[in-house]
Amino acid sequence: MSYPDATAADGPAGYPAAWEADVVLHDGSTARVRPIRPQDADALQAFHVGQSERSTYLRFFAPLGRLSDRDLERLVTVDHRDRVALVALAGSAGEERIIGVARYDRIDPDTAEVAFNIADARQGLGLASVLLEHLAAAARERGVRRFVAEVLPQNGRMISVFREAGYEVRQRTEDGVVAVSFGIDPTDRSQEVMADREHRAEARSMRALLESRSVVVVGPGTDDPRPLHVGMVTRVLAGLAAAATSGAVVVHATGVPPESLAGTGATWWPDLESVPGPVDLAAVAVAGERAEPVVRALSRLSVRAVVLLSSGFAEDGAAGLERQRRLLRTAHGAGMRMVGPASYGVLATGPDGTLDVSLARSVPVPGGIGLFCQSAPFSVALLSALEHRNLGLSQFVSAGHRADVSGNDLMQFWAEDEQTVAVGLHMESVGNPRKFSRVARRLAAVKPVVVMTAGRSGQVVPPGHAVRATQAPARVLSQVMRQSGVIRVDNTHQMFDVLQLVAHQPLPSGRRTGILASSASAATLVAELAATHGLRIGRHVSLVPEDAAPEVLEQAVHELYDEPDLDAVIAVRIPVVGELDPTVARAVAEAAVRTGRPTVAVMGGLHGVTDELTAPGPDGEPRTVPAYATPADAVLALGHAARYARWRAADRGAPLHPEGFDLRAARRLVDEWLPADAGPEVRLEPDRTAQLLACAGIGVQRTIGVHDADSAVAAADELGWPVAVKTTVPALRHRADLGGVRLDVGDEAELRADVAEVLELAASLGPPPAGHPLEVQSMAPHGSACVIRSAEDPLFGPVISFGLAGDATDLLGDTAYGVPPLTDVDVGQLVRTPRTAPRLFGYRGLPALDVVALEDVVARVSVLADGLPELRRLELNPVVVAEHGAVVLAAAATLAHADRSDATRRLPRT
91 MSYPDATAAD GPAGYPAAWE ADVVLHDGST ARVRPIRPQD ADALQAFHVG QSERSTYLRF
151 FAPLGRLSDR DLERLVTVDH RDRVALVALA GSAGEERIIG VARYDRIDPD TAEVAFNIAD
211 ARQGLGLASV LLEHLAAAAR ERGVRRFVAE VLPQNGRMIS VFREAGYEVR QRTEDGVVAV
271 SFGIDPTDRS QEVMADREHR AEARSMRALL ESRSVVVVGP GTDDPRPLHV GMVTRVLAGL
331 AAAATSGAVV VHATGVPPES LAGTGATWWP DLESVPGPVD LAAVAVAGER AEPVVRALSR
391 LSVRAVVLLS SGFAEDGAAG LERQRRLLRT AHGAGMRMVG PASYGVLATG PDGTLDVSLA
451 RSVPVPGGIG LFCQSAPFSV ALLSALEHRN LGLSQFVSAG HRADVSGNDL MQFWAEDEQT
511 VAVGLHMESV GNPRKFSRVA RRLAAVKPVV VMTAGRSGQV VPPGHAVRAT QAPARVLSQV
571 MRQSGVIRVD NTHQMFDVLQ LVAHQPLPSG RRTGILASSA SAATLVAELA ATHGLRIGRH
631 VSLVPEDAAP EVLEQAVHEL YDEPDLDAVI AVRIPVVGEL DPTVARAVAE AAVRTGRPTV
691 AVMGGLHGVT DELTAPGPDG EPRTVPAYAT PADAVLALGH AARYARWRAA DRGAPLHPEG
751 FDLRAARRLV DEWLPADAGP EVRLEPDRTA QLLACAGIGV QRTIGVHDAD SAVAAADELG
811 WPVAVKTTVP ALRHRADLGG VRLDVGDEAE LRADVAEVLE LAASLGPPPA GHPLEVQSMA
871 PHGSACVIRS AEDPLFGPVI SFGLAGDATD LLGDTAYGVP PLTDVDVGQL VRTPRTAPRL
931 FGYRGLPALD VVALEDVVAR VSVLADGLPE LRRLELNPVV VAEHGAVVLA AAATLAHADR
991 SDATRRLPRT
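Once you know that position 37 of the sequence shown is 127 in this note's numbering, the rest is easy, because the numbers rise by one and skip nothing.
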């Protein structure tokens, strides 16, 4: 989303505000990227003059102390199409300075020459790589497909930038100059490089936040001392007191009465200008209109991150949203990440002590669980539940309204953090589902990620959360979660049930589960629950009466755990009379450690992490069997863990690269058919739809529109008999059961009779449609009819859907969804997800159909939708899957100008 001053049309093509982006650099700091403007002339001259003689020579191949007025005008005047330049900026509004420039000049329809210049002080931070990514994305949008550059041999760093971006670079040396050439269409390698750089940069920005060793706390001062803000600052200073008095964290405070700092270990300063720098982190609680000046003043202290505890921004309507945008612009221009507004704060435990910049009254014990939450009230409940279960915390971040730092940033960090062994996310809204899927999938491959969303739809948007609207069904988010490999739960109780298992026990290697119980009725109940959650019990049930002797109990436990074909154990011991015998808990804990079998326990009076169910592991470190209040809680957690373990062990597939797919040709067609002045949507004619699909390697069965029996017979003669005749009336289209479609028409007499009947039936439903009332098509092989669709959603991006055709599918919503990019495994799961999918695999004695051919069509639609954001809607209906092959009988496509938000690395800006 653009800033208010980024809307002027500075060139013939108009100023492309969508190219503006805030980015995280290699060291975790931030910068802003935007197209150059004519009014940047003075800033560009200052940038040029500030460069070293060597940098200037490498850029211009000659010493050039100052840019001439003519050169300056040429460099800042671009058309944003054939001549494009992007600048990287640092500093707040009105004080911005250029720290990097990237530009291209088109030299033929497909090729542009590029040049880069990075400020000497900012080299080595990955700024050139970021600018290359954004420049390549802009160039592809303008139809450029190849970059060329002339580089001096001694400028090895620039040549490395091209090579390390993942492109296939060709180079040759002529007359002492290295000529470099590379295609800029995304490749698996370039996308992997971009994701890896994004991962490292965002992880470092979070590490700077969570490992801060100096903090400045900024209160409301005497001008507007709201009790809430005063209370926030008081609570933060109290939380920092232990670290401040021990010297582990240096704490400064301003905007608070000096007498309020007694016993906190903080140093009081009359104003921010007096605070000595550098300072790692700032905690701010001020009125909304005062936040931006405070953040601007913090830039002098080289602050890396700001925790904004107070509110007064997007939740207050348009004026508050604009205030939030200005605040983010100032923070990112100064190199800062922002947590909040309305954050509950940040907690980080570790060997060097605890960093407590939060509103929490008490801090959980150190441990291995990373927690992310958005709103402050839910943060209270999460931390309380964590303490109640005695679960250990590694880090906790409350993002509040999530204007900047989000769960994606924390997941990037947790993927590298050795202390964190499991992650819990409480998400009220999902701002960038495509990035969430990519980042969560990376994290879930190495650590369990448990996610709770606000409602099953996950589409609740609380006040203050700037999130794009979505038209996608609620099940799309469920599919995103499933693709990501995260464990999705319904409530916080379930979230901690799962977390306490995956944080303290190994993952099950399978579904074979044993039961230890004191009665047959309890064992039966547990077995039924286990089956419900996909676990298999079999013969592994050990019944030990409540009054059994200790040696009998221990023997039973040993025998159960020593079963060779057992993957997990559910131990249920709820005394009917008296207290729990500690022998039971000790025997279970020791057996679990000895065998490595993941175990859940339901034992009277025990809950969470307890000493009774803890035993030393082989390395001497304590290992705990988690305790649950009910068998249902324990089994649900174990079922989730088993499913996650299967996902983690399974092949997640390879990227899709269908043979004969020409995305460049499709892009050229879209550029031709969707001019800049096109309306909101352009519906393609059938022949153009077929032409576009042909670029993806998808053929559409030829159809001829006709008006009457004579033209129908002529069409059949041209296509070849037998044929199908169809009405174009929407209510009867594709409806053979209602008489709107006649199949296997083998001769002229039959065709004439069918034409008359179909026209009569259509006339009974109202006026005929515009154009041809009938279509004639050669017959496809017999099989099952399916529907494949794609839709470009403002929030999710491209969404692929698949289902078998028919009223039952439509009425029951038996449709599967996927969000590209998909792998071959994802496509296979998509086709097999609908409840009617067994019809494809030899249902009730019918022959199995060519599912491989169907998957190929789905894969091609997925790649097309992912590569063409302008493809607003596509419908293949029906796609007939036969014993051999899959045939597309009809297709419809709609184009619209793209507005996808995740094509390049970028931070939120609202």
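Note that CB positions come from ideal geometry on N, CA and C, so glycine has one too. Computed from a predicted structure; not experimentally measured.
I'd like the ranges of any beta strand (DSSP E) spanning at least 3 consecutive residues and lying wholly in the stretch 649-692. 658-663
Proximity below 8 Å, CB of Ala981 to CB of Leu783: Cβ distance < 8 Å, so Ala981 and Leu783 count as in contact.
What runs of the beta strand (DSSP E), each 3 residues or longer, lie entirely inside the stretch 337-379? 340-344, 371-374
Opposite Ile459 in the DSSP bridges: which residues? Looking at the DSSP output, Ile459 shares a beta bridge with Leu483, Ala512.
Chain-order list of residues whose beta-carbon lies under 6 Å from that of His987 (same chain, five-residue window excluded): Taken in chain order, the list of residues that qualify is empty.
Which stretch, first to last residue, makes up the beta strand (DSSP E) that contains Glu711? Unbroken run through Glu711: none, as it is neither H nor E.
Enumerate, from N- to C-terminal direction, the unbroken alpha helix (DSSP H) stretches of 4 or more residues contained entirely within the stretch 580-613. 582-592
Whether Ala976 touches Leu944 by CB criterion (8 Å): Cβ atoms of Ala976 and Leu944: closer than 8 Å.
Nearest-angstrom Cα distance between Lys525 and Leu445? 29 Å
Output needed for Gly575: all residues of its chain with C-beta closer than 6 Å, excluding positions within five of it in sequence on either side, in chain order. Correct list, in chain order: Arg531, Ala534, Trp737.
Do you know whose CA, among Ala107, Gly903, Pro776, lies nearest Gly861's CA? Pro776
Just verifying my parser: in three-state terms, what is the DSSP assignment at Lys525? helix
Which residues does DSSP list as the beta-bridge partners of Asn207? Partner(s): Val191.
If you draw a straight line from the alpha carbon of Ala843 to that of Gly935, how long is it in whole angstroms? C-alpha separation (whole angstroms): 35 Å.
Can you tell me whether Gly101 is helix, strand or coil according to DSSP? With a pLDDT of 39 at Gly101, under the threshold of 50, the modelled position of that residue is not reliable, and the figure given next carries that caveat. Coil, per DSSP.
Euclidean distance between Cα positions of Arg260 and Ala192: The alpha-carbon atoms of Arg260 and Ala192 are separated by roughly 20 Å.
Meets three-Cβ-pair contact criterion under 8 Å: the stretch 118-138 and the stretch 305-317: no
Selection from Gly460, Arg758, Ser469 that minimises the alpha carbon distance to Gly482: The candidate whose alpha carbon is nearest that of Gly482 is Gly460.
According to DSSP, residues forming a beta bridge with Ser880: Per DSSP, Ile890, Leu964.
For a quick check, are the C-beta atoms of Val241 and Met248 less than 8 Å apart? yes
For the beta strand (DSSP E) containing Pro125, name the first residue and the last one. Counting along the chain, the beta strand (DSSP E) containing Pro125 begins and ends at 120-125.
Quick check on Ser92: does DSSP put it in helix, strand or coil? The predicted position of Ser92 is uncertain, since its pLDDT is 30 and thus under 50; a value taken from the coordinates is nonetheless stated next. Of the three classes helix, strand and coil, the one that applies to Ser92 here is coil, per DSSP.
Could you check how far apart the C-beta atoms of Val642 and Pro721 are, in whole angstroms? I think they sit under 8 Å. Not confirmed; about 23 Å, so no contact.
Assuming Gln310 contacts Gly345 (C-beta within less than 8 Å), just tell me the rounded distance between them. Reading the sequence as shown, one finds Pro at residue 310 and not Gln. Right, the Cβ-Cβ distance comes to about 6 Å (below 8 Å), so this counts as a contact.
Measure the Cβ-Cβ separation of Val541 and Leu515 and say whether it is below 8 Å. yes
Just the C-alpha distance for Val397 and Gly729, rounded to the nearest angstrom, thanks. 38 Å
In the DSSP output, which residue or residues are listed as bridge partners for Lys816? Val831, Glu865
Would you call the stretch 906-917 and the stretch 739-752 in contact, with 3 or more CB pairs under 8 Å? yes
What residue does the alpha helix (DSSP H) around Phe150 start on, and which one ends it? 143-150
Proximity of Leu822 and Glu882 at Cβ, strictly below 8 Å: If you check the CB distance, Leu822 and Glu882 do not come in under 8 Å.
Sequence ranges, alpha helix (DSSP H) only - wholly within the stretch 408-454, length at least 4: 408-423, all fully within the stretch 408-454.
CA nearest to the CA of Arg1001, picked from Val813, Gly873, Ala895: With the chain running from 91 to 1000 in the structure shown, residue 1001 is simply not present.
Going by the CB atoms, is the gap between Val579 and Met585 shorter than 8 Å? yes
Less than 8 Å between the CB atoms is what I'm expecting for Ser484 and Thr510, so what's the real figure, rounded? 4 Å
Nearest residue (CA-CA) to Ala607, options Gln569, Ala661, Pro467: With respect to the C-alpha of Ala607, the residue from Gln569, Ala661, Pro467 having the closest C-alpha is Ala661.
Mark Asp494 as exposed unless 16 or more other C-beta atoms lie within 10 angstroms of its C-beta, in which case mark it buried. buried
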